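Quick note on numbering: the first sequence equals residues 16 to 295 in our numbering. Glycine is no exception: its CB is placed at the ideal position from the N, C-alpha and C atoms. Computed from a prediction, not measured in an experiment: that's the story for all the values here.
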Amino acid sequence: MPELPEVETMVRGLRPALLGATLREVEVLDDFLLVEMTSDLFIRRAGGAQVERVDRRGKWVVIQCADDRGWIVIQPRMTGGFWRVPPPRPEHIRLIFRTSGTGETVWFCDSRRLGKIAWYPNDSTAQAAFARSQGPDALVITKQELRDRLRGTSRGIKATLMDQKVLAGIGNIYADEILYQSRIHPSRVASGLKATELTRLHRAIGEILNHAIAVEGSTFDAGYRTVLGLEGGFLATNAMYGRGGQPCPGCGEPIERARIAGLIGRSSYFCPRCQPLPKA
DNA sequence: CGGTTACCCTGGATGC
DNA sequence: TGCATCCAGGGTAACC
Numbered sequence: 016m017p018e019l020p021e022v023e024t025m026v027r028g029l030r031p032a033l034l035g036a037t038l039r040e041v042e043v044l045d046d047f048l049l050v051e052m053t054s055d056l057f058i059r060r061a062g063g064a065q066v067e068r069v070d071r072r073g074k075w076v077v078i079q080c081a082d083d084r085g086w087i088v089i090q091p092r093m094t095g096g097f098w099r100v101p102p103p104r105p106e107h108i109r110l111i112f113r114t115s116g117t118g119e120t121v122w123f124c125d126s127r128r129l130g131k132i133a134w135y136p137n138d139s140t141a142q143a144a145f146a147r148s149q150g151p152d153a154l155v156i157t158k159q160e161l162r163d164r165l166r167g168t169s170r171g172i173k174a175t176l177m178d179q180k181v182l183a184g185i186g187n188i189y190a191d192e193i194l195y196q197s198r199i200h201p202s203r204v205a206s207g208l209k210a211t212e213l214t215r216l217h218r219a220i221g222e223i224l225n226h227a228i229a230v231e232g233s234t235f236d237a238g239y240r241t242v243l244g245l246e247g248g249f250l251a252t253n254a255m256y257g258r259g260g261q262p263c264p265g266c267g268e269p270i271e272r273a274r275i276a277g278l279i280g281r282s283s284y285f286c287p288r289c290q291p292l293p294k295a
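Laid out in structure tokens, this is it:
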């Protein structure tokens with residue numbers, strides 16, 4: 016669930032607790048999430064470090080420690096999330112930072128344990144990890160970059176938008192909203208978009224993601240919450256995701272829910288009238 | 001090599 | 001009430 020807007024909201028929420036603070040005590044409650052290191056090693060690396068920056072890269076949370084000590088990179092993936100207040104499900108706590116400086120405690124919870132916690136010793140190893148897994152961030156990619164990255168593939172546009180190596184940050188929910196606003200069918204071949212469609216797509220990426228950040232992301236069921244435990248507002252007024260069978264806000268046609276090739280088992284929601292698929 | 005799919009994991013919803 | 005099944009989807013690895 017945490018896509019770019021949720022992770023951006025997390026990072027903004029974490030900064031008051033972590034920026035300039037010292038990670039006085041690091042507690043690992045589940046070493047399954049740690050990437051190629053033991054709990055003891057991670058605690059030795061991060062314990063006592065001062066936090067210099069808290070940033071987002073795609074869907075990843077990046078905590079840069081002062082004095083070139085190293086980088087903590089946390090991938091919330093499906094169900095990971097941070098808390099600055101005691102989390103409601105303590106059995107899902109995987110990592111705790113107790114700080115001095117701000118005196119706050121930060122909890123990382125992850126019910127499904129799909130999240131990852133990595134350590135990189137310096138800028139170049141961290142940047143190499145980003146380059147291996149991620150293309151340009153969806154919030155800053157230019158139209159020309161987007162065009163170049165969609166070129167030469169026969170894949171569908173939705174699968175391509177969700178490929179983090181093409182551009183980083185878009186997942187299933189926002190892909191559907193972006194494609195609806197762009198009036199592009201999710202199965203369209205990514206390299207076959209017309210110039211006007213590419214312009215609409217690039218604009219929609221920025222508008223949808225920035226709007227979602229402004230309302231603090233998407234919450235449904237027991238999923239994502241802000242660091243203070245609040246629900247995000249995006250799905251209260253969104254157009255497509257999760258609205259199969261409801262009338263399209265643009266034309267009234269029932270919203271279609273389908274499984275689209277190249278997206279494994281994920282559901283796609285779109286309006287068959289506003290997002291027509293040209294016959295092959 | 002590009003594209004597709006199985007799988008990692010758990011909790012909540014649904015079905016019998 | 002209890003048990004089985006399905007679904008959620010971010011990301012990696014194996015496969016064709």
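message: Taking 8 Å as the limit between beta carbons, can you name the residues of its chain near residue 274, skipping five residues before and five after?
response: 280, 281, 282 and 283
Nearest neighbour of residue 154, chosen from 217, 59 and 34 [CA to CA]: 217
message: Taking its Cβ as the centre, do 16 or more other Cβ atoms sit within 10 Å of residue 60, making it buried, or is it exposed?
response: buried
task: Quick one: grab the DSSP three-state call for residue 173.
output: helix
- prompt: Whose C-alpha, out of 266, 214, 278 and 191, is nearest the C-alpha of residue 255?
  reply: 191
Chain-order list of residues whose beta-carbon lies under 7 Å from that of residue 188 (same chain, five-residue window excluded): 18, 233 and 256
query: For residue 277, which three-state DSSP category applies?
result: coil
field: Test item: CB-CB of residue 69 and residue 34 under 9 Å
entry: yes
Exposure label - residue 21; buried when at least 16 CB within 10 Å: buried
query: Considering only the beta carbon of each residue, do residue 165 and residue 206 sit closer than 9 Å?
result: yes
query: Mind pulling the beta strand (DSSP E) runs of 3 or more residues that sit fully within the segment 238-266?
result: none
query: Does the distance from the C-beta atom of residue 98 to that of residue 80 stay below 9 Å?
result: no
CB contact flag (residue 168, residue 28, <9 Å): no
query: Considering only the beta carbon of each residue, do residue 86 and residue 141 sit closer than 9 Å?
result: yes
query: What first and last residue would you give for the beta strand (DSSP E) that runs through residue 282?
result: 282-285
- prompt: Near residue 50, which residues of its chain fall below 7 Å by C-beta distance, leaving aside the five closest residues on each side in sequence?
  reply: 131, 132 and 133
query: Leaving out five residues before and five after residue 258 in sequence, what residues of the same chain have Cβ atoms less than 7 Å from its Cβ?
result: 270 and 284
query: Alpha carbon to alpha carbon, what distance is there between residue 104 and residue 6?
result: Residue coverage of the chain in this structure runs from 16 to 295, which leaves residue 6 outside it and unanswerable.
- request: Give a yes or no on whether the C-beta atoms belonging to residue 38 and residue 117 are separated by under 9 Å.
  value: no
- prompt: Do you know how far the Cα of residue 135 is from the Cα of residue 82?
  reply: 14 Å
- prompt: With a Cβ-Cβ cutoff of 9 Å, do residue 100 and residue 112 count as a contact?
  reply: no
task: Compute the Euclidean distance between the alpha carbons of residue 107 and residue 94, then round it to the nearest angstrom.
output: 10 Å
query: Excluding sequence positions up to five away, which residues of its chain have a Cβ less than 8 Å from the Cβ of residue 53?
result: 46
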